[in-house]
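The C-terminal position of the sequence shown is numbered 839 in the numbering used here, with every residue numbered one higher than the one before it. Just so it is clear, CB atoms sit at the ideal spot from N, CA and C, and this is done for glycine as well. Since we're looking at a predicted model, the values are computed, not measured.
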Amino acid sequence: MINNDIIFELLEQMSIIAVAAYIFSQTRIFNNLLKEKTNISDRLIMISYFSILSIVGTYMGIKVEPKAFANIRPIGVIMAGYMGGPIVGTIVGLIAGINRYSLEGITAFSCSFAAIIEGLVGALGRKYTKNNIFNIKIGIIIGLIAEICHMIIILIFSRPFSDAVTIVKLVSIPMIIANTLGVVLFLNIIENTTENFNKQESLNFEKALNIANNTIYNMRKGLNKNTANKVLKSIYKNIDINTIFLFDENRLLSYFGHKYNYNMLLEKISVYSKSINNFNILLNENNKTITFYCTTISGADNKAVLGVQLSGTTYIDKYTVRLMNKISDLLSSQLDVYRLNELAKKVSSAQYSALKSQIHPHFLFNALNTIASFCRINPVTARDLIISLSNYFRKTLYQTEDFTSIGDDLELIHSYFSIEKARYGDKLNMHIDIPKELYNLRIPVFILQPIIENSVKHGISQKPDGGSIYLWAKCIKDDLIFIIKDSGVGMNVDEVFKRDSNSIGLRNIQERLKMLYGAKYSFNIKSFINEGTSIVIKIPKEAYNYEQLNCSNNRR
């Protein structure tokens with residue numbers, strides 16, 4: 284057999300390398316490898332994968348002498364070292380070498396030893412790739428070096444020497460060419476696969492940004508036919524879909540794509556949307572079953588439903604479901620933001636009633652900025668914060684009574700604190716110890732929450748490492764006592780009321796308690812610079828207790 288025949292036969296076996304490279308490029312391990320996040324489990328799988336590839340390369344070898352083979356085993360070993368490093372390369376080389384040694388022949392030991400060297404050469408080549416793992420030039424170099432070393436090792440260790448020379452003459456050129464090309468082919472295939480994947484990811488990301496930007500811009504005006512048309516047009520242009528529509532409970536807001544029976548769609552939507560949020564609708568048209576995936580949008584005046592039908596298929600895959608759910612969440616979030624903006628307009632024009640309710644534009648704008656940042660990175664948290672902010676405004680803007688229950692006041696505190704917690708993160712903590720038996724007691728509105736806000740704004744937020752707020756309540760005889768303590772920067776008690784003279788803060792609380800209870804209340808502040816502030820409030824129980832409550836068991 285001449286050398287050209289061996290070359291062609293080895294090159295014909297490259298198809299298995301191409302398949303192996305493609306399979307490897309689709310694995311989680313390869314993605315981790317690109318991110319340099321491989322673990323022991325990944326390395327064990329790589330060892331198994333490349334060992335199998337190397338052993339298959341051995342058995343596909345071409346016999347040139349009794350028990351001497353020209354083969355593509357080195358490709359798997361070299362790539363093991365190149366992808367997995369010296370340990371993976373050495374282990375794969377050892378496994379492939381043991382397999383080759385079991386086949387015996389005059390080159391059994393030399394080829395087994397050469398496999399280990401080839402794994403180390405692959406690892407050495409990776410060291411010089413810098414940031415480009417798909418360096419074709421390095422692939423050519425390590426392929427050439429590894430196979431030249433292979434031939435030299437055969438000449439050194441194989442006996443009789445004359446037979447070793449004969450084998451090297453027959454297989455050196457074919458194996459050097461085939462295995463070098465195999466390494467280059469492996470690298471080229473995973474590079475092209477990765478590049479195509481990255482291009483598609485980049486395209487998808489660009490489309491998602493286009494949809495998001497268009498949605499955010501248009502939904503600032505709320506949900507109506509005009510805004511619905513603009514949003515759906517953007518989605519229709521950026522996603523390969525046949526039909527997309529948006530219904531509310533009684534009308535079609537927007538529709539793009541193939542014209543189906545609107546009335547039939549609306550009828551089916553009305554039935555399903557009453558009980559479930561995500562559902563499929565089947566329509567029969569021209570003896571064909573058309574499948575629509577529908578998801579509801581919360582926050583609209585009427586329950587809105589977004590629906591889509593894909594091009595050229597009746598099957599709705601999981602990726603479409605996930606995409607539509609995300610778009611639905613985005614629309615819902617933007618509707619909530621729209622409502623907050625409308626509420627903010629009311630806040631900006633509110634007079635004394637808003638001031639009495641501790642509505643500060645500074646807090647509102649900070650809260651909206653916090654929510655806006657979470658809309659991009661964590662929509663679920665953003666929606667929770669929107670709900671908290673809505674609850675906060677509902678309990679403050681529309682508070683008409685002078686008294687509220689401790690339980691309701693705690694809800695207001697939790698709504699406020701959840702927003703500030705999202706803003707300051709681990710720098711801000713709160714601990715509440717109030718027995719549930721006290722929750723039905725009535726207290727003046729806006730007593731506790733403004734103090735908590737004061738602790739956050741003037742105490743904890745001013746401290747680089749942050750701090751904690753503690754709130755206790757207890758009954759002693761006929762008195763209800765609140766203790767609010769923070770570990771903030773502290774303050775000058777003599778100056779505190781001057782600082783609050785232009786705001787509804789501690790001065791307002793003290794004046795309202797004095798007006799309600801006269802001499803029967805106490806409002807004491809102790810504060811130490813860089814240590815924190817403690818406020819103790821005592822008010823008489825009989826002035827607010829609308830339900831009989833025995834506090835004797837709550838004494839401390």
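Under a Cβ-count criterion, where at least 16 other Cβ atoms within 10 Å of its own Cβ denotes burial, should residue i be classed as buried or exposed?
i	result
methionine 554	A quick correction: the sequence has valine, not methionine, at residue 554. It counts as exposed.
histidine 541	exposed
glutamine 732	buried
asparagine 501	buried
alanine 637	At alanine 637 the pLDDT is 40, less than 50, meaning the model places this residue with poor confidence and gives no usable figure here.
isoleucine 820	buried
glycine 690	exposed
proline 457	buried
aspartate 777	exposed
glutamate 319	exposed
isoleucine 381	exposed
tyrosine 332	buried
glutamine 641	Here glutamine 641 scores only 48 on pLDDT, less than 50, and its place in the model should not be relied on; the value that follows carries that caveat. Per the 10 Å Cβ criterion, buried.
valine 302	exposed
leucine 486	exposed
Could you tell me whether the Cβ atoms of residue i and residue j are closer together than 7 angstroms?
i	j	result
leucine 549	phenylalanine 530	yes
cysteine 577	isoleucine 559	no
alanine 363	glycine 372	yes
glycine 426	isoleucine 300	no
isoleucine 822	isoleucine 734	no
valine 454	isoleucine 423	no
glutamate 484	asparagine 462	no
glycine 359	alanine 406	no
threonine 510	lysine 504	yes
serine 656	serine 615	no
isoleucine 428	valine 404	yes
aspartate 761	lysine 824	yes
alanine 391	isoleucine 289	no
glycine 376	isoleucine 361	no
methionine 343	glutamine 309	no
glycine 742	glycine 708	no
glycine 408	isoleucine 421	yes
glutamate 401	isoleucine 345	no
Nearest to residue i by CA position, among the options, is which residue?
i	options	result
asparagine 481	Asn314, Ala665, Tyr753	Asn314
glutamate 684	Ser701, Ala665, Ile726	Ile726
lysine 609	Leu593, Thr653, Asn479, Ile660	Ile660
aspartate 446	Tyr538, Val347, Ile792, Glu319	Val347
threonine 526	Leu316, Leu593, Asn546	Leu593
threonine 687	Tyr675, Ala705, Phe729	Phe729
isoleucine 717	Ile766, Asp709, Ile374, Met607	Ile766
methionine 547	Phe539, Ile524, Ile573, Met607	Ile573
valine 588	Arg605, Arg534, Tyr621	Arg534
alanine 705	Asn322, Cys658, Leu724, Arg677	Cys658
glutamate 814	Ser738, Lys420, Arg795, Cys758	Ser738
leucine 763	Arg383, Ser395, Asp600, Leu721	Leu721
arginine 622	Tyr305, Asn674, Thr664	Asn674
arginine 677	Leu695, Arg409, Pro662, Ala303	Leu695
isoleucine 306	Ile472, Ile419, Glu478	Ile472
methionine 607	Lys586, Asn569, Asn561, Leu336	Asn561
serine 441	Ser393, Asn475, Ile416	Ser393
aspartate 619	Ile599, Phe646, Asp600, Val663	Val663
threonine 476	Lys516, Asn512, Phe417, Ile459	Phe417
methionine 774	Lys740, Leu711, Ile345, Arg666	Lys740
isoleucine 537	Leu515, Val591, Ile459, Asp692	A quick correction: the sequence has serine, not isoleucine, at residue 537. Considering only alpha carbons, the answer is Leu515.
tyrosine 753	Thr816, Asn791, Leu294	Thr816
phenylalanine 444	Ser395, Ile460, Ile389	Ile389
I need the boundaries of the alpha helix (DSSP H) containing residue i, first residue and last residue.
i	result
aspartate 325	323 to 342
proline 357	356 to 367
lysine 821	Not the alpha helix (DSSP H): lysine 821 falls in the beta strand (DSSP E), residues 815 to 823.
glycine 690	689 to 707
threonine 463	444 to 501
threonine 510	508 to 521
asparagine 737	731 to 737
phenylalanine 528	Looking at the DSSP string, phenylalanine 528 is not in any alpha helix (DSSP H); the run it does join, the beta strand (DSSP E), is 524 to 530.
isoleucine 439	419 to 440
What residue does the beta strand (DSSP E) around residue i start on, and which one ends it?
i	result
leucine 589	587 to 593
histidine 714	711 to 716
threonine 579	571 to 580
asparagine 807	805 to 811
asparagine 546	Taken as a continuous stretch (DSSP letters only), asparagine 546 belongs to no beta strand (DSSP E), being part of the alpha helix (DSSP H) at 545 to 555.
Does any C-beta atom of chain B lie closer than 7 angstroms to the C-beta of residue i?
i	result
phenylalanine 528	The chain inventory of the structure shown lacks chain B, comprising one protein chain alone.
Stretch pair the segment 517 to 529 + the segment 490 to 497: three plus CB contacts closer than 8 angstroms: yes
Under 8 angstroms: do the segment 434 to 444 and the segment 326 to 337 share three or more Cβ pairs, one atom per stretch? Taking 8 angstroms as the limit for Cβ pairs, the verdict is that the segment 326 to 337 does not touch the segment 434 to 444.
The segment 743 to 753 contacting the segment 797 to 811, beta-carbon criterion three pairs below 8 angstroms: By the Cβ rule, the segment 743 to 753 does not count as touching the segment 797 to 811, because fewer than three pairs are nearer than 8 angstroms.
Count the C-beta pairs between the segment 657 to 672 and the segment 690 to 701 that are closer than 8 angstroms, then say yes if the count reaches three, no if not. yes
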